[in-house]
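Trainee:
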Amino acid sequence: MSECFKFPTELTIYEVQQTFNEIKSYISEKDSVSFDFSETTEVDSAGLQLIIWVVYHSQKIGLKIDTISTNDVIEARCQKLGVGMSTPPND
């Protein structure tokens, strides 16, 4: 199992750039990744864009996503956008 990238409690326009840089570093040279959004309770549109980018970019470059931990806030906002946040099935 891979080490997990834990997202901050607040993921707004003020935190997105720093978090983006940390994610790029985290995913470099990895075969599999895990993301933990469970403690993220404040999210704006910039934060949602980053969440969506992280998941889809990881899949696009061939990273295996081991787990994605979310919470009700993240699930509700992604559901409104029609974005699924469950962990993809293992091949």
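All the letters of the sequence shown, read from the start, carry residue numbers 7 to 97 under this note's numbering.
Ideal Cβ placement from N, Cα and C applies to all residues, glycine included.
So, at 8 angstroms on beta carbons, what are the nonlocal neighbours of L87 in its own chain, with the 5 sequence-adjacent residues on each side left out?
Mentor: Position 81 of the sequence shown, counted from the start, is the residue given in the question as residue 87. Correct list, in chain order: L54, I58.
Trainee: Helix, strand or coil for I74, going by three-state DSSP, please let me know.
Mentor: On the sequence shown, position 68 is the one that residue 74 refers to. Residue state, collapsed to three classes: strand.
Trainee: Could you check which residue in I33, N77, S34, S64 has the C-alpha nearest to that of T15?
Mentor: Your numbering for residue 15 matches position 9 in the sequence shown. Answer by Cα proximity: N77.
Trainee: CA-CA distance, S38 and Y32?
Mentor: The residue given as residue 38 occupies position 32 in the sequence shown. The residue given as residue 32 occupies position 26 in the sequence shown. Using only the alpha carbons, I get a separation of about 11 angstroms.
Trainee: Inspect the beta-carbon positions of I19 and F41 and report whether they are closer than 8 angstroms.
Mentor: To locate residue 19, count along the sequence shown from 1; it is residue 13. To locate residue 41, count along the sequence shown from 1; it is residue 35. Result no, Cβ atoms of I19 and F41 do not sit closer than 8 angstroms.
Trainee: What first and last residue would you give for the beta strand (DSSP E) that runs through F41?
Mentor: Looking up residue 41 in the sequence shown gives position 35. Here the beta strand (DSSP E) through F41 covers 38-42.
Trainee: Tell me which residue opens and which closes the alpha helix (DSSP H) that F26 is part of.
Mentor: Position 20 of the sequence shown holds residue 26. Element bounds for F26: 19-33.
Trainee: Would a C-beta distance cut-off of 8 angstroms place I71 and V49 closer than the cut-off?
Mentor: In the sequence shown, the residue the question calls residue 71 occupies position 65. In the sequence shown, the residue the question calls residue 49 occupies position 43. Taking 8 angstroms as the Cβ cut-off, I71 and V49 do not qualify as a contacting pair.
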